């Protein structure tokens, strides 16, 4: 059976989303376009919108210190904690519930 | 003293709100530019010329010949800029943003386009355009 090109990505997203306390995970490419998402953490905004804005946050954070490596960004809201990780090709956002 | 809100000020606010956006152009599908707003960061943006509107008009027309339905968006990646063009017949909206390090935020441009479509602004623009066409003043 042929594996689709996003099979590895799907598997990784499923694995992250299944962990305790994780309410959502989203991956966007370097142009702020959503490559995949799981969970309902980002559904209120919509995955496409969330991807664009999270990418903008990551880019903004990186511009504070351009000579440094890509920063890991932590966003705390009243409902969740969101961690952003970025490399040159993509941004990963993981949302955890506040109870964790 | 309050200033009357205009399309210019409205679009200027959009450009100032979203980091990386450089210009917004409203044109018709015949290639005529109706409105042009640039970010104060780059008021003389070199990529903007009269061909932007007419090129999209042509691309839109050719895209329709693929018989895959009406063209909705066209996204263009250049070395220094990324251009997103929205078909809202009889008008076209062009948004231009930075594409530094090949990382221009196209997602934000598409979000802006979707918000514009959902808002009354585009329908007001289209109404105004249709009225001027009927009057023959345009």
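Protein chains in written order, with the working numbering: chain A, 1 to 100; chain B, 1001 to 1138.
A virtual CB, placed ideally from N, CA and C, is assigned to each residue, including glycine.
Quick caveat: nothing in here was measured; it's all calculated off a predicted structure.
What do you get for residue i, buried or exposed, if any count of 16 or more other CB atoms within 10 angstroms of its CB means buried?
i	result
residue 1102 of chain B	exposed
residue 72 of chain A	exposed
residue 1124 of chain B	exposed
residue 1132 of chain B	exposed
residue 1066 of chain B	exposed
Quick check: what's the CA-CA separation for residue i versus residue j?
i	j	result
residue 87 of chain A	residue 70 of chain A	7 Å
residue 25 of chain A	residue 1031 of chain B	42 Å
residue 1077 of chain B	residue 1120 of chain B	29 Å
residue 91 of chain A	residue 1109 of chain B	18 Å
residue 1053 of chain B	residue 17 of chain A	44 Å
residue 51 of chain A	residue 32 of chain A	6 Å
residue 1026 of chain B	residue 1044 of chain B	17 Å
residue 1001 of chain B	residue 74 of chain A	At residue 1001 of chain B, the pLDDT of 48 sits below 50, so the modelled position is not reliable; the number obtained from the coordinates is stated separately. Their Cα atoms are separated by approximately 42 Å.
residue 1117 of chain B	residue 58 of chain A	27 Å
So residue i contacts chain A; which residues on that side make the cut at Cβ distance below 7 Å?
i	result
residue 1106 of chain B	31, 32, 33
residue 1102 of chain B	30
Give the secondary structure of residue i by DSSP, where H, G and I count as helix, E and B as strand, and everything else as coil.
i	result
residue 1087 of chain B	strand
residue 1125 of chain B	helix
residue 46 of chain A	coil
residue 20 of chain A	coil
residue 1094 of chain B	strand
Could you tell me which chain B residues have their CB closer than 8 Å to the CB of residue i, listed as they occur along the chain?
i	result
residue 65 of chain A	Within 8 Å Cβ-Cβ: nothing; residue 65 of chain A doesn't reach chain B, min ~15 Å.
residue 48 of chain A	1107, 1110, 1111
residue 95 of chain A	Going along chain B, no residue has its Cβ under 8 Å from residue 95 of chain A, so there is no contact; the nearest lies around 18 Å.
Which residues of chain B have a Cβ atom closer than 9 Å to the Cβ of residue i, listed in chain order?
i	result
residue 28 of chain A	1107
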